[in-house]
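For reference, the structure is listed below as structure tokens.
Number of protein chains: 2
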Amino acid sequence: MKNRLKALSALALAAPLTGCVAEKEQNPNIILFLIDDMGWLDTSVPFGEEVYPFNMRHDTPNLSALAEKGAIMSSAYVCPVSTPTRTSIMSGMNAAHTRITNYTSVDRDWNPDATDTPEAQEKDVINRTEWNINGITPTKVEGLERCVHVTPFPQILKDNGYYTIHVGKGHWAPNGTPAANPYNMGFCVNVAGQVAGKPRSYYAEENYGNTQDKWNYFSVQNMAEYYGTSTHLTEALTLEAMKTLDYPIDNGIPFFLNFCHHAVHTPIHRDPRFFQKYVDRGMDEGQARFASMCEGVDKSLGDLIAYLEKKGVMDNTAIIFMSDNGGNSENLSKGGVRHTQNSPLREGKASCYEAGIRIPMVVYWKGKVAAGTRLNTPVVAEDLYPTILEMAGIEEYQTVQEIDGQSIVRLLTKGSAAVREAMDKGRITNQEEAYDFQIDQSISGIDPEREVLAHFPHQWKPYQLHDIDYMSSLRKGDWKIVYRHREQTLELYNIAEDITERNDLSLSNPEKLQEMAAALTAKLEGYDALLPTFRSTGERVPMPVELATKTNK
Amino acid sequence: MKNRLKALSALALAAPLTGCVAEKEQNPNIILFLIDDMGWLDTSVPFGEEVYPFNMRHDTPNLSALAEKGAIMSSAYVCPVSTPTRTSIMSGMNAAHTRITNYTSVDRDWNPDATDTPEAQEKDVINRTEWNINGITPTKVEGLERCVHVTPFPQILKDNGYYTIHVGKGHWAPNGTPAANPYNMGFCVNVAGQVAGKPRSYYAEENYGNTQDKWNYFSVQNMAEYYGTSTHLTEALTLEAMKTLDYPIDNGIPFFLNFCHHAVHTPIHRDPRFFQKYVDRGMDEGQARFASMCEGVDKSLGDLIAYLEKKGVMDNTAIIFMSDNGGNSENLSKGGVRHTQNSPLREGKASCYEAGIRIPMVVYWKGKVAAGTRLNTPVVAEDLYPTILEMAGIEEYQTVQEIDGQSIVRLLTKGSAAVREAMDKGRITNQEEAYDFQIDQSISGIDPEREVLAHFPHQWKPYQLHDIDYMSSLRKGDWKIVYRHREQTLELYNIAEDITERNDLSLSNPEKLQEMAAALTAKLEGYDALLPTFRSTGERVPMPVELATKTNK
Chain E
383 MKNRLKALSA LALAAPLTGC VAEKEQNPNI ILFLIDDMGW LDTSVPFGEE VYPFNMRHDT
443 PNLSALAEKG AIMSSAYVCP VSTPTRTSIM SGMNAAHTRI TNYTSVDRDW NPDATDTPEA
503 QEKDVINRTE WNINGITPTK VEGLERCVHV TPFPQILKDN GYYTIHVGKG HWAPNGTPAA
563 NPYNMGFCVN VAGQVAGKPR SYYAEENYGN TQDKWNYFSV QNMAEYYGTS THLTEALTLE
623 AMKTLDYPID NGIPFFLNFC HHAVHTPIHR DPRFFQKYVD RGMDEGQARF ASMCEGVDKS
683 LGDLIAYLEK KGVMDNTAII FMSDNGGNSE NLSKGGVRHT QNSPLREGKA SCYEAGIRIP
743 MVVYWKGKVA AGTRLNTPVV AEDLYPTILE MAGIEEYQTV QEIDGQSIVR LLTKGSAAVR
803 EAMDKGRITN QEEAYDFQID QSISGIDPER EVLAHFPHQW KPYQLHDIDY MSSLRKGDWK
863 IVYRHREQTL ELYNIAEDIT ERNDLSLSNP EKLQEMAAAL TAKLEGYDAL LPTFRSTGER
923 VPMPVELATK TNK
Chain Z
383 MKNRLKALSA LALAAPLTGC VAEKEQNPNI ILFLIDDMGW LDTSVPFGEE VYPFNMRHDT
443 PNLSALAEKG AIMSSAYVCP VSTPTRTSIM SGMNAAHTRI TNYTSVDRDW NPDATDTPEA
503 QEKDVINRTE WNINGITPTK VEGLERCVHV TPFPQILKDN GYYTIHVGKG HWAPNGTPAA
563 NPYNMGFCVN VAGQVAGKPR SYYAEENYGN TQDKWNYFSV QNMAEYYGTS THLTEALTLE
623 AMKTLDYPID NGIPFFLNFC HHAVHTPIHR DPRFFQKYVD RGMDEGQARF ASMCEGVDKS
683 LGDLIAYLEK KGVMDNTAII FMSDNGGNSE NLSKGGVRHT QNSPLREGKA SCYEAGIRIP
743 MVVYWKGKVA AGTRLNTPVV AEDLYPTILE MAGIEEYQTV QEIDGQSIVR LLTKGSAAVR
803 EAMDKGRITN QEEAYDFQID QSISGIDPER EVLAHFPHQW KPYQLHDIDY MSSLRKGDWK
863 IVYRHREQTL ELYNIAEDIT ERNDLSLSNP EKLQEMAAAL TAKLEGYDAL LPTFRSTGER
923 VPMPVELATK TNK
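Residue numbers (this note's numbering), protein chains in the order written: chain E, 383 to 935; chain Z, 383 to 935.
Next up, the structure:
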């Protein structure tokens, strides 16, 4: 009740146009600004130790400006593909724990896992896992299997008086299940929420896919106003998001906006506002299209911030900007050189190498997050659940699921203050020092050496991608172990010294390999994670520790 | 400001679970429960002088129960087709005044008016009018022509703190215009709002039309949760409407729900909950399908009322039940005998005879509307605009358009009280007396002899329908004049004595004909209404008064 009353007391004092700042400070507005398939190197903001050449490809001035007012999260990790990250955010559970480790199909009970070409399948020794292909569900439904029953955090926000809004991509579960409908996930308002992992078209000239010649499931709904105009989907979603905010803002009701852009996912459709500029820079067609989509979502961020400032609520609105997985390095229409598009990070989307799971993340929260700071403590997708609820001032809540994530509120507040102090005292004088600066757990509440698990026991495409399919990895401090299920091989990297993951230390440092293999094994066993099985025996592939011991003999 | 504060003061006191009854009484919740194509005779509630046989076709127990708690509006009139009624409700303007007199197409700038077969067109002396085929728009858009700029009343409710929700059919304007999006019409929440005049399918087994083989514009959006189940669209919309009400009710925020069912419009798709029952009564397939759809929307009303009672807000929620035009008497798949399906009323949808424009209407408003009463004063679609705003306690508001409707709040309150008194004093002892009882204007504020205009200068189908196309009519007290544009003929009926409109008195009572022709002419001229023109000369057809004078010579 306590929190509910607190939220509603904001309503109580909202009538005067002056608003009620004191109350509002207790219940900040919160925006999760989630981009699809945007890589660690796809923005102007340097999340790494230095400004890499790829940071200069796309102009994202609004994100850069936001980073100056907030904190850069340099070690933010999510899952290799969309759905696992989104269901981890909604559930607070690790993907290995939900057993939702690949993207969900539009069709219920359908496993989208790819298998090799018939020829290759002869050699294919691996069986697909029995993962939860029906995603998450907010309510138990008779006959609905292979899904996880969870209490989505927006429901808790709503129950505490928050005005909860979903805009854009959902992708939490297939059609024909409760999670296909944002109104079942704790949202008061839904605009264009759908199960599809991508839009059929970003072009209003094509009615965002609402035509009779192709499959509708990927057509974007609730956008009829723009049909036949030249409004790119990114801009249309932004305009719609702002419309839904008028009511809570005008009435002093604290809101949570789950703003999920379809961009910069395929199809790579040019944003007409920025395309020509990148062509003029000499980019090939595909690169220019992709670049224009990246600047398009940055423009969306800028337009939303301008709206919040005009409404006078920017000072009481927290913004979390992030991507749902790493940049896609396998898509031809994106242009450039495949498998190098996230350089210096290795590979990309669907891989457990850094480029697949490390994402751009910036957090703005005026008066709470020290401006212009960089926080290097690892953050994972499931942390958002307890974090957002704590930001909202909600201390007690019940959930049907066990939460794996940790609130990073202390990291954001006390942690950023510590970094600011180090900067003021001259202990941080340049980007490299900022990148290396670690915040003690006694300050942030989070172990800077916490273990970060990535688990993708799947084949992504209908052809083998050596550095992408069937992998697990664990990062702990400077070290990272990578397990390839298909080959049953282990690799060991020192991320601090070798962010490219090219220098495999598994043979030269067997002790560390064994230590990391044991840690990865413990993590997988702790979550009761699924691993693929051998076609021949039906037995699951060995745990990393078994292999490490072997390798060590 | 005054009204805004009043609405918000309801929020202010809402925090305690006890709510704030005193405040709530100032800001009642309001539900407009709008059915599509439901005829005057399609319910168990007798809106006429007696219980006609067709009142016994369909079981609508929930509407009957609501009528016992509220008032039956026996003389409620709307437009012959969907869009004009819906745009009159949203604008407060008469259809002849908005010049939106036919239904709008899904395509912008497209005129859906039918023309005759090529052969018949040789004889076709009439040209289509330049009516506003792009419907209404809440904002002026450069290049958007043939539309009317209006301030929709939901915007005024929202600006005054009301939580405004749209569910179901919109049909205010085509795709590619602002009114295609309920978020532009003053709604905080939209579920499945679209421009199409009908759904492609009512069946979840067909994903409500979201398949790849046919045109998407008629597919119902935001319903993915139910795909592949057996949930009829009527039930799905009801479940979604209730979900959207949790937030305002739980937080003591007054709401307006614009609940627009697609049923009972074509396609005539059986509601599995009631179909067999009507087959067992001996109805043919089409009649049973239609009957099951009618009982389906009644069930929706009952489910919604049960929800409101469970939530404890039924006593503070006003419900207006009505249809958007008369029953369709031209549809084969509906079964029965065409052109007699609204008997004893003449014809049906798209006609200016009673069956096309006279609709079932019941108003429930506890403590305001005397229970179990019948109000015979004519009510028209454009009355809803000022009525709903007055019910909400909003006294001052600006609109860009001129409002033609009158608030019927006094009729509903003082008028129903007068009827109740007459019943208690034994001046009304049976249905016939109740039907004849007139409420003095000094009590209700509305002239019981007010003029009711219907204007349909269009051809509805690609073949001529003698009693349907190209008509205007005016009712004044017991009298009604009908003008057929194509033939340039006038008919005169005494509705009180001849509700079937079969006994034309134009020749036997030329004085009344001339009087009514003058009144109809004045009304059309007053609204600057469009009339068709002759192909030969391009001149508009004569005004009724000119014809009456001729007839009279």
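For every residue, glycine included, the Cβ atom is placed at its ideal position computed from N, Cα and C. What you are looking at is a predicted structure, and each value in this text was computed from that prediction instead of being measured.
Give the secondary structure of residue i by DSSP, where H, G and I count as helix, E and B as strand, and everything else as coil.
i      : result
K748/E : coil
I790/E : coil
H479/E : helix
H775/Z : Here residue 775/Z turns out to be Gly, not His, going by the sequence shown. Coil, per DSSP.
T931/Z : helix
C461/Z : coil
Y545/E : strand
M605/E : coil
A836/Z : strand
E527/E : coil
T467/Z : helix
C734/Z : coil
A700/E : strand
C402/Z : Unreliable positioning characterises C402/Z in this predicted model, as indicated by a pLDDT of 31, which lies under 50. A coordinate reading is not provided.
A804/Z : helix
T620/Z : helix
L445/Z : helix
Determine the contact status of residue i and residue j, defining contact as a CB-CB distance below 8 Å.
i      : j      : result
Y909/E : N516/E : no
C374/E : S855/E : Given a span of 383 to 935 for chain E in the structure shown, any question on residue 374/E remains unanswerable.
I482/E : I518/E : yes
A645/E : G678/E : yes
Y817/Z : G421/Z : no
P844/E : A496/E : yes
T559/E : R490/E : yes
G787/Z : V762/Z : yes
A774/E : N542/E : yes
M567/Z : P520/Z : yes
Y565/Z : T626/E : yes
L887/E : L872/E : no
Quick one: measure Cβ to Cβ for residue i and residue j, integer angstroms, because I've assumed they're closer than 8 Å.
i      : j      : result
N707/E : K731/E : 5 Å
C642/Z : G550/Z : 4 Å
L912/E : W513/E : 6 Å
Y485/E : V463/E : 5 Å
V745/E : G474/E : No, V745/E and G474/E are not in contact; Cβ-Cβ is about 18 Å, not under 8 Å.
I635/Z : Y545/Z : 5 Å
S940/Z : N437/Z : Nothing in the structure corresponds to residue 940/Z, since chain Z is present only between 383 and 935.
R720/E : E729/E : The Cβ separation is near 10 Å, so there is no contact.
V507/Z : F819/Z : So it is not a contact: roughly 45 Å between Cβ atoms.
A458/E : M704/E : 6 Å
Against chain A, does residue i count as a neighbour if the rule is that its beta carbon must be under 8 Å from one of theirs?
i      : result
N409/E : In the structure shown, chain A does not exist; the protein chains are E and Z.
Got a sec: which bits of the segment 589-609 of chain Z sit with their beta carbon under 9 Å from any beta carbon on chain E, in order along the chain?
Listed by position, the residues of the segment 589-609 of chain Z near chain E (Cβ gap below 9 Å) are N589, G591, N592, T593, Q594, D595, K596, W597, N598, Y599, S601, Q603, N604, M605, A606, E607, Y608, Y609.
Taking beta-carbon pairs under 8 Å, can you tell me which members of the segment 472-496 of chain Z lie near chain E?
Residues passing the 8 Å Cβ filter: R490.
If you pair each beta-carbon of the segment 652-668 of chain E with each one of the segment 593-605 of chain E, do three or more pairs fall below 8 Å?
Taking one beta carbon from each stretch, the segment 652-668 of chain E and the segment 593-605 of chain E have fewer than 3 pairs nearer than 8 Å; the two do not touch.
Taking 8 Å as the threshold, find out whether the segment 852-871 of chain Z comes into contact with the segment 882-900 of chain Z through three or more Cβ pairs.
Yes, the segment 852-871 of chain Z touches the segment 882-900 of chain Z.
Scan the segment 609-630 of chain E for residues whose Cβ lies nearer than 9 Å to a Cβ of chain Z and list them as they occur along the chain.
Answer set for the segment 609-630 of chain E: Y609, G610, T611, E622, K625, T626, D628, Y629, P630.
Beta carbons nearer than 9 Å to chain E: which residues of the segment 528-544 of chain Z have them?
Listed by position along the chain: K540, D541, G543.
Going along the chain, which residues of the segment 502-526 of chain E sit with their C-beta nearer than 9 Å to a C-beta in chain Z?
None of the residues of the segment 502-526 of chain E has a beta carbon lying less than 9 Å from any beta carbon of chain Z.
Which residues, taken in chain order from the segment 907-934 of chain E, show a beta carbon closer than 7 Å to some beta carbon of chain Z?
Only those residues of the segment 907-934 of chain E whose C-beta falls short of 7 Å from the nearest C-beta of chain Z would be listed, and there are none.
Could you run through the segment 777-795 of chain Z and flag, in chain order, every residue whose CB is less than 8 Å away from some CB of chain E?
Here the close residues number zero.
Mind checking the segment 546-566 of chain E against chain Z and listing, in chain order, the residues whose C-beta falls within less than 8 Å of any C-beta there?
Listed in sequence order: N557, G558, T559, P560, A562, N563, Y565, N566.
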